[in-house]
Amino acid sequence: MDREINGNIQLKVPEIKYTKLFINGRFLDSVSGKTFETSDPRTGDVVAVVAEGDKEDVDNAVKAAREAFDHGKWPRTSGHERGRILMKLADLIEQHAEELSMLDAINAGKLLRMTQAFDIPKAAFMLRYFAGWADKVHGQTLKCSGEFQAYTLLEPVGVVGLIIPWNFPTVMFVAKIAPVLAVGCSVVVKPAEQTPLSALYCAQLAKQAGVPDGVLNVVTGFGPTAGAAVASHMDVDAVSFTGSTEIGKVVMAAAASSNLKQVSLELGGKSPLGEICLAGSRVYVQEEIYEEFKKKTVEMVKNWVLGDPFDPQVHQGPQVDKRQFEKVLRYIGKREGATLINGGKAVGEKGYFIEPTIFADVKEDMLIAKDEIFGPVMSIMKFKTIEEAIEKANNTRYGLAAGIVTKDLNIANMVSRSIRAGTIWINCYMATECDAPFGGYKMSGFGKNSGLQAIHKYLNVKSVITPLYGSPW
Ligand code: ADP
1 MDREINGNIQ
11 LKVPEIKYTK
21 LFINGRFLDS
31 VSGKTFETSD
41 PRTGDVVAVV
51 AEGDKEDVDN
61 AVKAAREAFD
71 HGKWPRTSGH
81 ERGRILMKLA
91 DLIEQHAEEL
101 SMLDAINAGK
111 LLRMTQAFDI
121 PKAAFMLRYF
131 AGWADKVHGQ
141 TLKCSGEFQA
151 YTLLEPVGVV
161 GLIIPWNFPT
171 VMFVAKIAPV
181 LAVGCSVVVK
191 PAEQTPLSAL
201 YCAQLAKQAG
211 VPDGVLNVVT
221 GFGPTAGAAV
231 ASHMDVDAVS
241 FTGSTEIGKV
251 VMAAAASSNL
261 KQVSLELGGK
271 SPLGEICLAG
281 SRVYVQEEIY
291 EEFKKKTVEM
301 VKNWVLGDPF
311 DPQVHQGPQV
321 DKRQFEKVLR
331 YIGKREGATL
341 INGGKAVGEK
351 GYFIEPTIFA
361 DVKEDMLIAK
371 DEIFGPVMSI
381 MKFKTIEEAI
391 EKANNTRYGL
401 AAGIVTKDLN
411 IANMVSRSIR
421 AGTIWINCYM
431 ATECDAPFGG
441 YKMSGFGKNS
451 GLQAIHKYLN
461 VKSVITPLYG
471 SPW
């Protein structure tokens, strides 16, 4: 029997208050007056019409951010005060958790119970974590050769451009702005065109919390126009990008050919998981349990309910938009000799729903094993020895994360040291912690998004050298 969408989509739509660019503390139309539609992935219907920023709007946003950095009080105020304001923003995000979780559910097709339980609390947590660092960033005193002494100053890099994707709209926005603001930089954010709504909502909350005008600017719009203008801007000092490896290369090239702004990239992944568990797009299963694993996985997803992400009974919502929906179906359609053991089709007449799709007998060189699909598609592969599993797991151009499920501590230790990836989960998956640095190896990028490393991305180190016993000249 063909799978059906659970119940009727209720079409609960939250009130959408903010749809314009946020520049210098005000909501503005784009200079061109252009707008774009953002749609509800449950139905494909338009939910809001949003200002479409382009180069001129980015110029205006950067100008405001520059002025705030060069002459405003944000970088000159105490870290303690900045921390206090970010803590206030965390409180406001919690007070507006209902609106924000609905905006992410309607814009990205994420399960409402997940945005309520995970995304919004995590965003507030992240803010408080980075707010805590704001007054604890210090340089060092250096002994030097004997004739001189030196110390280092850690100074905010200046105006930071942030370009972000659609998969965690609020968490990503907040997690990216938090370390930038904590150290006293100002920022221009380009949210994903699919999910602009919660970023604009948070910008307004930041103003309410006391972030001065010009320090935080949001330019909604498309990648090749607004995004490219941020990456190539001569007056942006650093850019932090999260998105596909393909666009990461474009951003880095734009940064290099403009003003050599500092770059950090968190790019695609094809994270391997060994032995057991449902998450992870490449799952390597030991030979002895391979058949049973396949059987149990299929049994498990048979009861998986697809439908309205606002419905608490639902396990899986729609893909974010038509482009992504079609891309996932194209990958599924390729097959390449793998055995389809579950799903494989779109579901329903409207919206962007795809069955949970599982391929077995997947080989290393198949596209479904190599490319980042970003959809409900799992590849199951067999291995004999742990050495073979490690070799296969590393056989990817990505290195974002990996997981291992085992009762053997020695294997867990060996695997965590042998896999070339930025995060290793042992007997868990997808756990992220504010103080654990998150970011990739290899073509999954460089630069970390959580932890103290994220703070240091936005700091320049300055050495100040003075003679110890009067001038030698
Ligand atoms: P995804 O495939 O997940 O949508 P992308 O890498 O295409 O990931 O997009 C991530 C972010 O990068 C989005 O905000 C998008 O608008 C932006 N982007 C896309 N193309 C460019 C570009 N040429 N320059 C700068 N940013 C871009």
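Every letter in the sequence shown is one number past the one before it in the UniProt record's numbering, and letter 159, counting from 1, is 159.
C-beta: ideal position from N, C-alpha, C; glycine also.
From a predicted model like this one, the values you see are computed outputs, not experimental measurements.
Beta carbon of residue i nearer than 8 Å to that of residue j
i, j, result
"residue 484", "V415", "Since the first residue shown for the chain is 1 and the last is 473, residue 484 is missing from the structure and cannot be characterised."
"residue 526", "V160", "Because residue 526 is not part of the residues shown, which for the chain are 1 to 473, the question remains open."
"N394", "R420", "yes"
"A182", "A255", "no"
"P309", "L89", "no"
"G268", "S244", "yes"
"D311", "V62", "no"
"V320", "Q313", "no"
"G375", "V328", "yes"
"L265", "G445", "yes"
"L273", "Y429", "yes"
"I368", "K334", "yes"
"F359", "Q286", "no"
"S271", "S257", "no"
"A203", "L216", "yes"
"D213", "N24", "yes"
"G158", "F69", "yes"
"L205", "L92", "yes"
"V219", "D57", "yes"
"A178", "F130", "yes"
"I465", "A192", "no"
"G459", "L28", "Residue 459 is actually Leu in this sequence, not Gly. No."
Buried or exposed by the 16-neighbour rule on C-beta atoms within 10 Å, applied to residue i
i, result
"M443", "buried"
"C185", "buried"
"M378", "buried"
"V14", "Here residue 14 turns out to be Pro, not Val, going by the sequence shown. The residue in question, P14, is buried, as its Cβ has 16 or more Cβ neighbours within 10 Å."
"A48", "buried"
"I164", "buried"
"T115", "buried"
"N449", "buried"
"P467", "exposed"
"N107", "buried"
"K261", "buried"
"N60", "buried"
"E275", "Confidence at E275 is low in this model, with a pLDDT of 46, below 50, so its placement is unreliable and the value that follows should be read with caution. Buried: at least 16 other Cβ atoms inside 10 Å."
"K17", "exposed"
"M252", "buried"
"I455", "buried"
"Y469", "exposed"
"K302", "exposed"
"L409", "exposed"
"D365", "exposed"
"R26", "exposed"
"M172", "buried"
"V230", "buried"
"N259", "exposed"
"T195", "buried"
"I289", "exposed"
Beta-ladder partner(s) of residue i, from DSSP
i, result
"Y151", "T141, V464"
"T339", "A360"
"K110", "Bridge partners of K110: none, in fact."
"E266", "T242, G445"
"E37", "V49"
"L459", "P156"
"W425", "G403"
"K190", "I163"
"N217", "V188"
"A346", "I354"
"Y290", "Paired residue(s): none; Y290 is not in a bridge."
"I23", "R26"
"Q313", "Per DSSP, none; premise fails for Q313."
"Y382", "Looking at the sequence provided, one finds Lys at residue 382 rather than Tyr. Per DSSP, V285."
"L306", "Q316"
"P272", "R282"
"V298", "None; V298 has no bridge partner."
"V377", "T357"
Query raised in the report: Should the segment 347 to 355 be called in touch with the segment 29 to 46, which here means at least 3 C-beta pairs below 8 Å?
Result: For the pair of segments examined, the segment 347 to 355 was found to touch the segment 29 to 46: the number of CB pairs separated by less than 8 Å reaches three.
**Report entry** the segment 211 to 227 / the segment 98 to 107 touching (three or more Cβ pairs under 8 Å)
**Finding:** Judged by Cβ distances under 8 Å, the segment 211 to 227 makes no contact with the segment 98 to 107, as fewer than three pairs qualify.
Query raised in the report: Touching or not, the segment 162 to 170 and the segment 117 to 125, by the rule of three or more beta carbon pairs under 8 Å?
Result: Because the criterion of three Cβ pairs below 8 Å is met, the segment 162 to 170 and the segment 117 to 125 touch.
Query raised in the report: Between the segment 77 to 91 and the segment 141 to 155, are three or more C-beta pairs nearer than 8 Å?
Result: Here the segment 77 to 91 makes no contact with the segment 141 to 155; the two share fewer than three CB pairs at distances below 8 Å.
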